[in-house]
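>
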Amino acid sequence: MASTKGVLVFFAVMAVLGCTGPAQEAASPILDPVNQLQLQQMLPVDALFLGEQHDVPDHQRIQRVVVETLARQQALAALALEMVAQGQSTEKLQRDASEDAVRAALQWDNAGWPWAAYGPAVMAAVRAGVPVLGANLPKARLAQAMKDEGLDARLSGAALLMQQERVRAGHCHLLPESQIAPMTRIQIGRDVAMAQTVALAARPGKTVLLLAGGGHVDRSLGVPLHLPQHLTAKTVRLQAGPASEEAQSAINFDQTWPTPTAPVKDYCADFIQQRSAAAEARSKKAP
């Protein structure tokens with residue numbers, strides 16, 4: 039159980055960040071004492087994985103709260119990010135570095151990951167003197183990963199089939215079957231890269247915090263599978279809407295923190311529209 043001091047630090051941070059929020063956000067873990075205590079109860083731990091839904095602003099706000107809390111408790115070893123490639127970091131920057139300097143050091147892709155959403159958590163770490171580390175597989179290694187059949191063996195047979203099915207569903211069942219195995223290897227390669235980054239950043243008595251999509255922090259398929267056995271890890275899924283009570287959810291994540299329900303979005307419709315637009319653009323360029 040964490041100390042009373044640690045819990046009070048968390049309450050103080052929550053009060054600062056949450057006092058101006060609208061009343062309908064009361065169910066959010068940003069304001070929920072239960073989740074505040076749950077965080078403290080997971081400590082100490084070598085690695086803490088927060089699995090977000092990328093387009094839910096509440097999840098990015100929670101990330102900042104957790105960064106602030108661990109930093110105030112001097113418990114944050116590093117902040118690792120799916121949003122940035124391995125090899126990029128803020129380790130050479132001072133605490134008072136500008137946001138422009140931080141974005142440059144991380145080679146931040148604002149089109150893919152809006153800085154307005156993720157910048158507050160990143161800058162909270164920088165201001166605390168905590169290194170921010172890129173954890174994702176660099177683009178230059180994607181082609182190699184697609185051909186690396188050794189990545190298949192990183193998962194059990196059942197887990198590999200499940201990951202392949204997630205790739206199919208994630209691409210709205212539009213990918214040719216010949217592309218399923220290579221695309222799955224990219225997913226596994228990303229998880230391996232994130233695990234490597236976390237392991238290298240681990241420090242005794244402190245916690246490496248990884249921010250990534252929920253699928254990446256799934257114990258049955260994702261980053262936790264690839265950590266060295268001597269490291270302890272806890273996984274939290276941030277979920278817009280009521281927390282699932284399915285037994286499988288309890289197996290895959292140590293905790294699920296519900297946030298207010300987000301508007302329903304048809305991702306496949308958007309995906310199909312983007313593919314059509316890209317195909318049309320290519321046809322116009324063709325001689």
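Using the working numbering, the letters of the sequence shown correspond one by one to residues 39 to 325. For glycine and all other residues, C-beta sits at the position ideal for the given N, C-alpha and C.
How would you label residue 174, buried or exposed, when you count the other beta carbons within 10 angstroms and need 16 or more for buried?
Working through the sequence shown from its first residue, we reach residue 174 at position 136. Burial call: buried.
> Given residue 270, which residues of its chain have a CB within under 6 Å of its CB, disregarding the five upstream and five downstream residues?
Position 232 of the sequence shown, counted from the first residue, corresponds to residue 270. So the list reads 83 and 84, once near-sequence residues are dropped.
> Name the DSSP bridge partner or partners of residue 247?
Within the sequence shown, residue 247 is the residue found at index 209, counting from 1. Answer is 86 and 117.
> Using the rule of at least 16 other Cβ atoms within 10 Å of the residue's Cβ for burial, across every protein chain shown, is residue 193 buried or exposed?
Stepping through the sequence shown from its first residue, residue 193 is reached at position 155. It counts as buried.
> What would DSSP say about residue 295, mapped onto helix, strand or coil?
Counted from its first residue, the sequence shown places residue 295 at position 257. DSSP places residue 295 in strand when its eight states are reduced to three.
> For residue 296, count neighbouring C-beta atoms within 10 Å of its own C-beta (all shown protein chains included) and say buried if the count is 16 or more, exposed if not.
Looking up residue 296 in the sequence shown gives position 258. The residue is buried, with at least 16 neighbouring Cβ atoms inside 10 Å.
> In angstroms, rounded to a whole number, what distance separates the CA positions of residue 154 and residue 101?
In the sequence shown, residue 154 corresponds to position 116, counting from 1. In the sequence shown, residue 101 corresponds to position 63, counting from 1. One C-alpha to the other measures close to 13 Å.
> Would you call the stretch 114-130 in contact with the stretch 154-172, where contact means no fewer than 3 C-beta pairs closer than 8 Å?
Contact holds: three or more Cβ-Cβ distances are below 8 Å.
> Does DSSP put residue 172 in a helix, a strand or coil?
Translated into positions along the sequence shown, residue 172 becomes position 134. In the structure shown, residue 172 sits in a strand (DSSP, three-state: E or B).
> Between the alpha carbons of residue 279 and residue 246, how many angstroms are there, rounded?
As a working mapping, residue 279 is identified with position 241 in the sequence shown. As a working mapping, residue 246 is identified with position 208 in the sequence shown. About 27 Å.
> Would you list the one or two residues that DSSP bridges to residue 273?
Here residue 273 refers to the residue found at position 235 of the sequence shown. DSSP output for residue 273 lists 87 as bridge partner(s).
> Tell me, which residues are paired with residue 278 by DSSP?
Counting from 1 along the sequence shown, the entry for residue 278 is found at position 240. According to DSSP, residue 278 bridges with 297.
> Can you tell me whether residue 72 is buried or exposed? The criterion is at least 16 other CB atoms within 10 Å of its CB, across all chains shown.
Walking along the sequence shown from the start, residue 72 turns up at place 34. Exposed: under 16 other Cβ atoms inside 10 Å.
> Answer with buried or exposed for residue 272, where buried requires no fewer than 16 other C-beta atoms within 10 angstroms of its C-beta.
In the sequence shown, residue 272 corresponds to position 234, counting from 1. So residue 272 counts as buried.
> How many Å lie between residue 80 and residue 229 at the Cα?
Position 42 of the sequence shown holds residue 80. Position 191 of the sequence shown holds residue 229. Spanning the two alpha carbons is a distance of roughly 22 Å.
> How long is the line joining the alpha carbons of residue 253 and residue 181, rounded to whole angstroms?
Mapped onto the sequence shown, residue 253 falls at position 215. Mapped onto the sequence shown, residue 181 falls at position 143. Cα-Cα distance, rounded: 21 Å.
> How would you call residue 36, buried or exposed, if buried means at least 16 neighbouring beta carbons within 10 angstroms?
Residue coverage of the chain in this structure runs from 39 to 325, which leaves residue 36 outside it and unanswerable.
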